[in-house]
Amino acid sequence: MFTKNKTRDLNSHPAASVSTVAAGTTVNGDIESDSDMRIDGNIIGHVYCKAKVVLGESGIVQGDLYAHNADVFGTVNGNVSCKDMLCLKSKSTINGNIETARLQIDANAVFNGQCKMTSDQAPQILAPKATQMELQEN
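Here our numbering is used: position 80 in the sequence shown is 170, and no number is missing along the way.
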C-alpha cells in the first residue's frame, strides 16, 4: 500500500528552478538553459532559453537573446527572438531587431531596430538552425 514505485526523471527540471546571473556578475560566452532565467548582471554572448527570461533593470546582454518568453527591464545590444511573448518594460532598451509572435511595449521603452511578427511557428530569421529546431519541439 505504501510501497508505490515512484520513478523520477533525472532530466526533468523542477517547476520552480530559475537560473540567475546576479548583479555585479559578468559572463563571457553563450548561455543555454532549459528552465527560466533571471539576468541582473552582464552577459557578453548569446542567451538561449527554452523557457522565460527576465532581464532586470541592471541586466545587460551584449549579444542575441533567444527565448520562449521574455520580460526586458534592462538593455539588449543585439537581436531578440521570442517564440511567444516579448514584453519591453518602461526602462528597457533594445538595440537590435525583434522577432516574436506577441509584443508588448510599455511607455518610455526604447527600441532601435526592426520588428517582425511571426505566427505560431518558431522565429526563423534570427535563431540558428539548431536553436530553431529545439524551439519548435516545445
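We put the beta carbon where it would ideally sit given N, CA and C, even for glycine.
Rounded distance between the beta-carbons of residue j and residue i, thought under 8 angstroms
{"i": "C177", "j": "I188", "result": "C177 to I188, Cβ: 11 angstroms. No contact."}
Nearest neighbour of residue i, chosen from the options [CA to CA]
{"i": "S209", "options": "A199, A191, A113 and G168", "result": "A191"}
{"i": "V143", "options": "G131, S125, Q152 and I133", "result": "S125"}
{"i": "G149", "options": "M207, N202, S182 and L193", "result": "S182"}
{"i": "N198", "options": "M175, G164, M207 and K173", "result": "G164"}
{"i": "G114", "options": "L155, S180 and D130", "result": "D130"}
{"i": "L193", "options": "N118, A160 and G168", "result": "A160"}
Distance between residue j and residue i (C-alpha atoms, nearest Å)
{"i": "V200", "j": "C139", "result": "23 angstroms"}
{"i": "S107", "j": "M127", "result": "9 angstroms"}
{"i": "S123", "j": "V166", "result": "18 angstroms"}
{"i": "S109", "j": "G135", "result": "16 angstroms"}
{"i": "V151", "j": "I195", "result": "18 angstroms"}
{"i": "A157", "j": "S171", "result": "6 angstroms"}
{"i": "P213", "j": "G186", "result": "Bear in mind that the predicted position of P213 carries a pLDDT of just 49, short of 50, making it unreliable; the figure below should be weighed with that in mind. Cα to Cα, P213 sits roughly 15 angstroms from G186."}
{"i": "A146", "j": "G153", "result": "At residue 146 the sequence reads Gly, which differs from the Ala that was named. Those two C-alpha atoms are separated by around 16 angstroms."}
{"i": "V162", "j": "V137", "result": "13 angstroms"}
{"i": "M207", "j": "I133", "result": "26 angstroms"}
{"i": "G168", "j": "G203", "result": "10 angstroms"}
{"i": "G119", "j": "A112", "result": "16 angstroms"}
{"i": "D174", "j": "T116", "result": "28 angstroms"}
{"i": "I184", "j": "I121", "result": "19 angstroms"}
{"i": "L155", "j": "S180", "result": "19 angstroms"}
Which residues DSSP lists as bridging residue i, in chain order
{"i": "F201", "result": "I184"}
{"i": "N132", "result": "T116 and I150"}
{"i": "K179", "result": "Answer is none; K179 lacks a bridge partner."}
{"i": "N159", "result": "K142 and M175"}
{"i": "D126", "result": "V108"}
{"i": "T190", "result": "C172 and M207"}
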